[in-house]
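Novice: Before anything else, here's the structure in question.
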Amino acid sequence: MLAEDNGFRVVEINKVGGKFITIARLMIDLNLILKIENRHVRRLLIVVLYPADFFIGLIGYCLDIFDKDKDLTLQYEGIFEKI
Numbered sequence: 069m070l071a072e073d074n075g076f077r078v079v080e081i082n083k084v085g086g087k088f089i090t091i092a093r094l095m096i097d098l099n100l101i102l103k104i105e106n107r108h109v110r111r112l113l114i115v116v117l118y119p120a121d122f123f124i125g126l127i128g129y130c131l132d133i134f135d136k137d138k139d140l141t142l143q144y145e146g147i148f149e150k151i
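Heads up: the sequence shown begins at 69 in my numbering, then just goes up one per residue.
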């Protein structure tokens, strides 16, 4: 709708990522929103959780190959043409 309102024609819209990437992303975001006042504890958690977040994302990416429908997605990519 935004593209068409601004003089673009929608050529193609595709889903990016499926349920496994979505679940991994939500788990990573949950780790990032931890609000801890003690800066030493917060730094320790960052050091511990960031490598874990990397592996969670990697596992989600690898498992997402099996999700053909991509029913649960967080992102879309679009190709538009200026009219």
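From the three backbone atoms N, C-alpha and C, an ideal C-beta is built for every residue, glycine too.
1) Of the choices I147, T141 and K150, whose alpha-carbon is the least far from that of L94?
2) Identify every residue that forms a DSSP beta bridge with R93.
3) Alpha carbon to alpha carbon, how far is D97 from L113?
4) Identify the residues that DSSP records as bridge partners of K83: which are they?
5) Per DSSP, which residues does K136 bridge with? Please list them.
6) Please check the pair E145 and R77, which I expect to be a contact at CB under 8 Å, by giving their CB distance rounded to whole angstroms.
Specialist: On the basis of the data shown:
1) Taking the first residue of the sequence shown as position 1, residue 94 is located at position 26. For L94, the closest alpha carbon among the candidates I147, T141 and K150 is that of T141.
2) The sequence position of residue 93 within the sequence shown is 25, counting from 1. In the DSSP assignment, no residue is bridged to R93.
3) As a working mapping, residue 97 is identified with position 29 in the sequence shown. As a working mapping, residue 113 is identified with position 45 in the sequence shown. Between D97 and L113, the C-alpha separation is close to 14 Å.
4) Indexing the sequence shown from 1 puts residue 83 at position 15. Beta-bridge partners assigned by DSSP to K83: Y144.
5) As a first step, residue 136 is located in the sequence shown; it is residue number 68 there, counting from the start. In DSSP, K136 forms no bridge with anything.
6) The count along the sequence shown starts at 1 and reaches residue 145 at position 77. The count along the sequence shown starts at 1 and reaches residue 77 at position 9. With 8 Å as the limit, E145 and R77 do not qualify as a contact, their Cβ atoms being about 16 Å apart.
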